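This report refers to the structure that appears directly beneath it.
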Amino acid sequence: MGLFSLFIGLCLVNNVVLSKFYAVCPLLGVSKKPKNALNMGYAVTFVIVLASAITYLLYHFVLVPLDIKYLDLITFILVIASLVQFVEMFLKKTSPEIYKAMGVYLPLITTNCAVLGVALDNISSGYNFVESMVAAVAVSVGFTIVIYLYATIRERLEISNVPESYKGIPIALITAGIMACAIAGIAGLV
Amino acid sequence: MKKLDIFKKGLFVENPIFVLLLGLCSALAITTSLTNAIGMGMAVICVLIMSNLIISLLRKVIPHEIRIPVYIIIIATLVKCVQMLMNAYTQELYTSLGVFIPLIVVNCIILGRAESFASQNTIIDSLLDALGMGIGYTIAVVVISFFRELIGTGGLSLFNPFDGSQVIFQFELFGDYAISLLTQPAGAFITLGCILAFIQFWNNRKSKKVGGQ
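As given, the protein sequences belong to chains B and Y, one line each in that order. In case it helps, the numbering used here puts the first sequence at residues 33 to 222. In case it helps, the numbering used here puts the second sequence at residues 2 to 214.
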């Protein structure tokens, strides 16, 4: 039950994108087409889950015993950068179509706040290994849901009559604000 | 390019938040109060100046193929230093900014300036660029937090970042009519959206005037 409420809490109620603003850049950048948004969601899920597992193990079995906790930031960002590089090479070999569709946004996962943010949050909240894995899956599922919904809304916005000054990014940000209001409506569920 | 232009372009013409839309993550999250915004701005200016300086000094040494990982390591080291200094000297600010101080590492502004400016320009130019961009970022977060704090809580306050009990100024105008939505996450998106819409309105009007003449 504890794990389930942790999952729902991080996935919907405290959705990282809409309540902590992790990964706002890809949200605005990749969300023009729902299909690309979904692919981005899958890639980010893969990186977040693997990165959380590796950073958790590194932190508790290497950094803590050696008493060099202050190197956490440097270690984590190195792990994430190499993981993203690995995903990029893997996709290039196995499915060149997805690789092409993702384009420049694939290497940009390195600078996606969500990946580093979740790794740091897991450490600072004192989760054990299972809890950090659940948290990682919950955060990435939450991210995928939000970016997909957001992409479909923005596709509809393309053909709607938006005031001149609000065209483009301003209306997109206000859409995100209204989505955040909707998410805030289920606060207190967990 | 003239030295002054390099400094000035970061402030308005290429403002990292309002025009280039970089580093929105931290800009939306920490703008709940003026004190937080100024503290975050200072942290970003420190990291940006140091990273541009180091990368500009090393620009002929770093091999082209592995430049991005090298930049990230340099930036991560600097951010960790700033984080430890803030933990030591500005305890309250450190607690209220929380995870967003380490997340400066993945702030696109810093890596973006390293890649597009510091790696190709001299030390003096890179320093000016970092100062301009850093101050531009600070102006942007201060503007956002000004509206969010004023409308969200009905007043404004500024505390000394080095000593939270020392109040620089604090007043309340319309506490009973505050719209508390603006202090919540949803308010951050809506505030930034409205500010960007105003900038777009201003630019459209200016270009129409130029076109009419």
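For each residue, glycine too, the CB sits at the ideal point set by N, CA and C. Only a predicted model underlies this, so the values are computations on that prediction, with no experimental measurement involved.
Asked: Own chain residues within Cβ distance below 7 Å of asparagine 47(B), not counting five before or after; Found: Gly174, Val178, Ile215
Asked: Inter-stretch contact at 8 Å, needing at least 3 Cβ pairs: the region 157-169 of chain Y / the region 77-94 of chain Y; Found: yes
Asked: Interface residues of chain Y facing asparagine 160(B) [CB-CB closer than 9 Å]; Found: Those within 9 Å of asparagine 160(B) in chain Y number zero; the least Cβ separation is about 20 Å.
Asked: Endpoints, alpha helix (DSSP H) assigned at glycine 174(B); Found: 161-189
Asked: Short CB-CB distance (under 8 Å) between phenylalanine 190(Y) and chain B; Found: yes
Asked: Contact check, isoleucine 140(Y) vs leucine 12(Y), beta carbons under 8 Å; Found: yes
Asked: Limits of the unbroken beta strand (DSSP E) element including phenylalanine 1(Y); Found: The structure shown does not extend to residue 1(Y), since chain Y is modelled only from 2 through 214, so no value can be given for it.
Asked: Exposure label - valine 14(Y); buried when at least 16 CB within 10 Å; Found: exposed
Asked: Contact set between cysteine 26(Y) and chain B, taken where Cβ atoms lie within less than 8 Å; Found: Phe53, Tyr54, Ala55, Val56, Cys57, Cys145
Asked: Cα-Cα separation between cysteine 43(B) and leucine 5(Y), rounded to whole angstroms; Found: 48 Å
Asked: Arginine 186(B) classed as buried or exposed, judged by whether at least 16 other C-beta atoms fall within 10 angstroms; Found: buried
Asked: Closer than 7 Å at the beta carbon, the chain Y residues around aspartate 99(B); Found: Residues of chain Y passing the Cβ test: none, with the nearest at roughly 15 Å.
Asked: Test: isoleucine 206(B) CB closer than 8 Å to a CB of chain Y; Found: yes
Asked: Closest residue to valine 56(B) among Glu190(B), Glu163(B), Gly158(B), Leu140(B) (Cα-Cα distance); Found: Leu140(B)
Asked: At least three beta-carbon pairs within less than 8 Å, the region 30-47 of chain Y to the region 61-69 of chain B; Found: no
Asked: 8 Å Cβ cutoff met for alanine 170(B) and alanine 83(B); Found: no
Asked: N- and C-terminal bounds of the alpha helix (DSSP H) containing isoleucine 46(Y); Found: 35-58
Asked: Other residues of its chain near leucine 221(B): CB distance less than 6 Å, five sequence neighbours each side excluded; Found: Val45
Asked: Where methionine 85(Y) meets chain B, residues with beta-carbon distance less than 9 Å; Found: Tyr102
Asked: DSSP beta-bridge partners of glutamate 173(Y); Found: Gly156(Y)
Asked: Cross-chain neighbours of alanine 113(B) in chain Y, by beta carbon under 7 Å; Found: Pro70, Ile73
Asked: Chain-ordered chain Y contacts of alanine 83(B) [CB-CB under 7 Å]; Found: Residues of chain Y passing the Cβ test: none, with the nearest at roughly 12 Å.
Asked: Three-state class that DSSP yields for valine 168(Y) in the structure shown; Found: strand
Asked: Chain-ordered residues of the region 175-195 of chain B with a beta carbon less than 7 Å from chain Y; Found: none
Asked: Distance, serine 172(B) Cα to isoleucine 102(Y) Cα; Found: 22 Å
Asked: contact_flag[the region 120-132 of chain B, the region 98-105 of chain B] where n(CB pairs < 8 Å) is 3 or more; Found: no
Asked: Residues of the region 174-202 of chain Y whose Cβ lies closer than 9 Å to any Cβ of chain B, in chain order; Found: Leu182, Gln185, Pro186, Ala187, Gly188, Ala189, Phe190, Ile191, Thr192, Leu193, Gly194, Cys195, Ile196, Leu197, Ala198, Phe199, Ile200, Gln201, Phe202
Asked: Buried or exposed (CB count within 10 angstroms, at least 16 for buried), leucine 174(Y); Found: exposed
Asked: Spatial distance of glycine 194(Y) from tyrosine 180(B) (CA atoms); Found: 20 Å
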